[in-house]
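Novice: Take a look at the following structure, please.
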Amino acid sequence: MSDPIALFLIFLKAAALGMGGYGSLPLLREDLLLTGLATDEQLIQSLAVGRFSTGPNGTYIVSLGYFAGGIGGAIAALVASCLPPLVMVPLVAVARGRLLSPGFAGFTRGVLLAISGLLLAFGLAILAPAGAAGLAWWHVILALAAMAVTVHGRLHPALLIGLGAAAGLLLGR
Amino acid sequence: MASVPLGELARAWIAVGTQSIGGASTTVYLMRLRLVERTGWLTRREFMESYSLSQLSPGIHLVALAGLIGHRLAGASGVAVSVAGMMVPAAIITVALSAVLSGIAGHPLTGAAFAGIGPVTAGMTAGLAVISARGTVRHGVRGALDLAVIAIAFMTFVGTAMSPALVIIACGLIGIVALRHERPETERSAETE
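Protein chains in written order, with my numbering: chain U, 7 to 179; chain Z, 87 to 279.
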């Protein structure tokens with residue numbers, strides 16, 4: 007079981023540097039997976055749980071905290087993921103004009119673009135964590151279909167996960 | 087305006103936190119329904135203003151939105167009540183689902199199901215990247231510059247051992263210098279929250 011304080015610091019860093027709930031994913035993968043605190047399977051499980059749960063998309067972070075450190079890990083993840091966004095409250099109060107400046111807009115755009123590229127690469131990484139050798143044809147088709155439905159479709163994310171599970175039960179045994 | 091009673095505020099946010107299955111779009115819809123349409127605590131303009139500012143925050147944008155609205159409605163106590171009201175019930179539900187999944191994770195059928203869920207999750211993540219980019223990339227020459235930044239971040243993650251944190255900071259600094267012409271249209275990328 008991981009130290010809740012260490013987990014808190016990892017989740018705090020990810021929330022502070024990422025933008026949006028999923029913006030933290032590449033950072034969390036680096037700090038949790040590559041250091042052995044969680045596995046790729048647990049990361050995928052946490053994303054699936056997040057899709058079935060209520061609240062903002064970022065609740066998968068709480069699930070990942072639970073898988074990495076039990077109830078203490080979940081609490082650490084919850085608190086750490088809530089703190090960085092709240093800097094906006096005093097910032098808006100004292101520096102609203104600066105937040106609307108072209109320089110800050112440029113910084114925000116740069117961060118959002120970086121996160122887009124990182125998320126794309128992250129999707130590829132969790133599709134084939136062990137390289138192309140472990141991929142089956144239906145894995146690729148499922149991933150492409152899920153990507154298309156997410157971009158264009160109106161299918162509920164939980165239903166999409168459910169369809170993926172059904173495909174796995176049919177083809178993955 | 088007069089401060090909203092904390093008990094009523096908590097009830098509204100708990101409703102948002104427990105009923106919003108489906109992520110950011112559902113959550114924003116319920117926030118607006120509870121805080122604007124039903125109670126009239128906020129005008130539509132006030133809600134959208136807070137929403138726009140929340141898109142500039144680090145981390146989960148909807149936490150920032152809950153904090154900004156809570157502060158507007160009931161000061162510092164309102165921040166705590168709003169964020170806790172939305173996040174704590176959702177976190178409890180998430181932990182319960184995670185515990186159930188942990189209990190069945192070793193079953194062969196669960197393994198088979200996740201053989202399909204894994205690729206779907208990967209595809210959904212890539213789809214979120216496309217949605218995020220679609221709401222941020224501009225048209226014309228500036229758009230080419232935006233796409234170049236996305237490509238640099240992608241290639242750095244795939245082809246080097248550079249930390250994603252450094253990639254994000256570097257691209258933010260590039261943005262200050264080279265991408266500062268207009269504000270990002272983050273409203274269209276709400277799904278990535």
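Glycine included, each C-beta is placed from N, C-alpha and C at the ideal position.
List, in order along the chain, the chain U residues whose C-beta lies closer than 9 Å to that of V167 (chain Z)?
Specialist: Numbered from its first residue, the second sequence carries residue 167 (chain Z) at position 81. Chain U residues near V167 (chain Z): none, gap ~13 Å exceeds 9 Å.
Novice: Beta-carbon within less than 6 Å of W99 (chain Z)'s beta-carbon, same chain only, minus the 5 sequence neighbours each way: which residues are those?
Specialist: In the second sequence, the residue the question calls residue 99 (chain Z) occupies position 13. Taken in chain order, the residues that qualify are S168, G171 and M172.
Novice: What does G78 (chain U) reach in chain Z if we use C-beta pairs closer than 7 Å?
Specialist: As a position in the first sequence, residue 78 (chain U) is number 72, starting the count at 1. None at all; the shortest Cβ gap to chain Z is about 11 Å.
Novice: Just tell me which of Z:V235, Z:L265, Z:A110 and Z:L95 has its CA closest to the CA of Y137 (chain Z).
Specialist: Stepping through the second sequence from its first residue, residue 137 (chain Z) is reached at position 51. The candidate whose alpha carbon is nearest that of Y137 (chain Z) is Z:A110.
Novice: Between which two residues does the alpha helix (DSSP H) holding A154 (chain U) run?
Specialist: Here residue 154 (chain U) corresponds to residue number 148 of the first sequence, with the count starting at 1. W143 to H158 is the extent of the alpha helix (DSSP H) around A154 (chain U).
Novice: Note down, in chain order, every chain Z residue with its Cβ under 9 Å from the Cβ of S8 (chain U).
Specialist: For this step, residue 8 (chain U) is matched to residue 2 along the first sequence. Near S8 (chain U) there are no residues of chain Z at all, since even the closest Cβ is about 15 Å away, more than 9 Å.
Novice: Kindly indicate if chain U contains any beta-carbon less than 8 Å away from that of T113 (chain Z).
Specialist: For the purposes of this step, residue 113 (chain Z) is identified with residue 27 of the second sequence, where counting begins at 1. Yes - at least one Cβ of chain U is within 8 Å of the one on T113 (chain Z).
Novice: Mind listing the chain U neighbours of T129 (chain Z)? Cutoff is C-beta to C-beta under 7 Å, in chain order.
Specialist: The residue given as residue 129 (chain Z) occupies position 43 in the second sequence. Going along chain U, no residue has its Cβ under 7 Å from T129 (chain Z), so there is no contact; the nearest lies around 17 Å.
Novice: Check each candidate in U:R115, U:L125, U:Q51 and U:G42 and name the one with the smallest Cα separation from G189 (chain Z).
Specialist: Here residue 189 (chain Z) refers to the residue found at position 103 of the second sequence. Among U:R115, U:L125, U:Q51 and U:G42, the Cα nearest to that of G189 (chain Z) is on U:Q51.
Novice: Show which residues of chain U have a CB atom less than 7 Å away from the CB atom of T104 (chain Z).
Specialist: To locate residue 104 (chain Z), count along the second sequence from 1; it is residue 18. Simply T60.
Novice: Counting only the same chain and skipping the five closest in sequence on each side, list residues whose C-beta sits under 7 Å from that of H157 (chain Z).
Specialist: Indexing the second sequence from 1 puts residue 157 (chain Z) at position 71. Shown here for H157 (chain Z): same chain residues with a beta carbon closer than 7 Å to its own, the five before and five after excluded, namely G164 and V165 in chain order.
Novice: With 8 Å as the threshold, decide whether the Cβ of V149 (chain Z) is near any Cβ in chain U.
Specialist: By one-based count along the second sequence, residue 149 (chain Z) stands at place 63. Chain U contact via Cβ: present.
Novice: For S89 (chain Z) and chain U, any beta-carbon pair shorter than 8 Å?
Specialist: Position 3 of the second sequence, counting from 1, holds the residue named residue 89 (chain Z). For S89 (chain Z), the answer is no, since every Cβ of chain U falls outside 8 Å of its Cβ.
Novice: Taking beta-carbon pairs under 8 Å, can you tell me which members of the region 243 to 256 of chain Z lie near chain U?
Specialist: F243, V244, S249, P250, A251, V253, I254, I255 and A256
Novice: Going by other Cβ atoms of all chains shown within 10 Å of its Cβ, with 16 needed for buried, is V155 (chain U) buried or exposed?
Specialist: Taking the first sequence and counting its residues from 1, the one referred to as residue 155 (chain U) is at position 149. Under this definition V155 (chain U) is a buried residue.
Novice: Find out if the Cβ-Cβ distance for the pair I16 (chain U), I254 (chain Z) is shorter than 8 Å.
Specialist: Within the first sequence, numbered from 1, the residue matching residue 16 (chain U) stands at position 10. Within the second sequence, numbered from 1, the residue matching residue 254 (chain Z) stands at position 168. No, the Cβ-Cβ distance between I16 (chain U) and I254 (chain Z) is not below 8 Å.
Novice: Using the Cα positions of L92 (chain U) and L18 (chain U), report the straight-line distance between them to the nearest angstrom.
Specialist: Within the first sequence, the letter at position 86 stands for residue 92 (chain U). Within the first sequence, the letter at position 12 stands for residue 18 (chain U). Distance between the alpha carbons of L92 (chain U) and L18 (chain U): 12 Å.
Novice: Can you give me the start and stop residues for the alpha helix (DSSP H) that M248 (chain Z) sits inside?
Specialist: Here the question's residue 248 (chain Z) lines up with position 162 in the second sequence. For M248 (chain Z), there is no enclosing alpha helix (DSSP H), since its DSSP letter is neither H nor E.
Novice: Please state if the CB of E47 (chain U) and the CB of F240 (chain Z) are separated by a distance shorter than 8 Å.
Specialist: Here residue 240 (chain Z) refers to the residue found at position 154 when the second sequence is read from its first residue. Here residue 47 (chain U) refers to the residue found at position 41 when the first sequence is read from its first residue. Taking 8 Å as the cut-off, the Cβ atoms of F240 (chain Z) and E47 (chain U) do not count as close.
Novice: Taking contact to mean at least 3 C-beta pairs separated by less than 8 Å, is the region 76 to 96 of chain U in contact with the region 162 to 177 of chain U?
Specialist: no
Novice: Going by DSSP, name the residue or residues bridged to M25 (chain U).
Specialist: Position 19 of the first sequence, counted from the first residue, corresponds to residue 25 (chain U). According to DSSP, which records beta bridges pairwise, M25 (chain U) is partnered with Z:G145.
Novice: Looking at chain U, which residues of the region 196 to 215 of chain Z have a Cβ within less than 7 Å of any of its Cβ atoms?
Specialist: For the region 196 to 215 of chain Z, the residues whose beta carbon sits under 7 Å from a beta carbon of chain U are, in order, A198, A199, F200, A201, G202, I203, G204, P205, V206, T207, A208, G209, M210, T211, A212, G213, L214 and A215.
Novice: Can you pull the chain U residues whose beta carbon is under 8 Å from the beta carbon of S163 (chain Z), in chain order?
Specialist: The residue you call residue 163 (chain Z) lines up with position 77 of the second sequence. Result: empty, since nearest Cβ-Cβ is about 12 Å, beyond 8 Å.
Novice: Go ahead and label T129 (chain Z) buried or exposed: buried means 16 or more other beta carbons lie within 10 angstroms of its beta carbon, across all protein chains shown.
Specialist: Translated into the one-based positions of the second sequence, residue 129 (chain Z) becomes position 43. Classification for T129 (chain Z): exposed.
Novice: Could one say the Cβ of R118 (chain Z) lies closer than 8 Å to chain U's Cβ atoms, at least one of them?
Specialist: Position 32 of the second sequence holds residue 118 (chain Z). For R118 (chain Z), the answer is no, since every Cβ of chain U falls outside 8 Å of its Cβ.
Novice: Is there a C-beta anywhere in chain Z that falls below 8 Å from the one on R160 (chain U)?
Specialist: One-based indexing of the first sequence puts residue 160 (chain U) at position 154. It does not; no Cβ of chain Z falls within 8 Å.
Novice: For a quick check, are the C-beta atoms of L154 (chain Z) and V95 (chain U) less than 8 Å apart?
Specialist: Within the second sequence, residue 154 (chain Z) is the residue found at index 68, counting from 1. Within the first sequence, residue 95 (chain U) is the residue found at index 89, counting from 1. In this structure, V95 (chain U) lies closer than 8 Å to L154 (chain Z) by Cβ.
Novice: On the DSSP letters alone, give me the boundaries of the alpha helix (DSSP H) that G78 (chain U) sits inside.
Specialist: Stepping through the first sequence from its first residue, residue 78 (chain U) is reached at position 72. Here the alpha helix (DSSP H) through G78 (chain U) covers Y66 to C88.
Novice: Are the CB atoms of G145 (chain Z) and A22 (chain U) within a distance shorter than 8 Å?
Specialist: Locating residue 22 (chain U) in the first sequence gives position 16, counting from the first residue. Locating residue 145 (chain Z) in the second sequence gives position 59, counting from the first residue. Their beta carbons are under 8 Å apart, which means A22 (chain U) touches G145 (chain Z) by this criterion.
Novice: Under 8 Å: do the region 123 to 140 of chain U and the region 208 to 221 of chain Z share three or more Cβ pairs, one atom per stretch?
Specialist: yes
Novice: Buried or exposed: which applies to E123 (chain Z), given that a residue is buried once 16 or more other Cβ atoms fall within 10 Å of its Cβ?
Specialist: For the purposes of this step, residue 123 (chain Z) is taken as the residue at position 37 of the second sequence. By the neighbour-count criterion, in which a residue is buried when 16 or more other Cβ atoms sit within 10 angstroms of its Cβ, E123 (chain Z) is exposed.
Novice: Quick one: Cα of L39 (chain U) to Cα of M153 (chain U), how far?
Specialist: Along the first sequence, read from residue 1 onward, the residue named residue 39 (chain U) stands at position 33. Along the first sequence, read from residue 1 onward, the residue named residue 153 (chain U) stands at position 147. Per the coordinates, the alpha-carbon of L39 (chain U) lies some 24 Å from the alpha-carbon of M153 (chain U).
Novice: Got a sec? Which residues, its chain only, sit under 6 Å from P32 (chain U) by beta carbon, not counting five neighbours each side?
Specialist: The count along the first sequence starts at 1 and reaches residue 32 (chain U) at position 26. So the list reads L124 and F128, once near-sequence residues are dropped.
Novice: What is the DSSP secondary structure of T45 (chain U), reduced to helix, strand or coil?
Specialist: Start at 1 with the first residue of the first sequence, and residue 45 (chain U) comes out as number 39. It is coil, neither helix nor strand.
Novice: List the residues of chain Z that T183 (chain U) touches, going by C-beta distances under 9 Å, in chain order.
Specialist: Lying outside 7 to 179, the shown extent of chain U, residue 183 (chain U) is not represented and no answer is given.
Novice: Under the rule that 16 or more other beta-carbon atoms within 10 Å means buried, what is Y115 (chain Z), buried or exposed?
Specialist: Locating residue 115 (chain Z) in the second sequence gives position 29, counting from the first residue. Y115 (chain Z) is exposed by the Cβ-count criterion.
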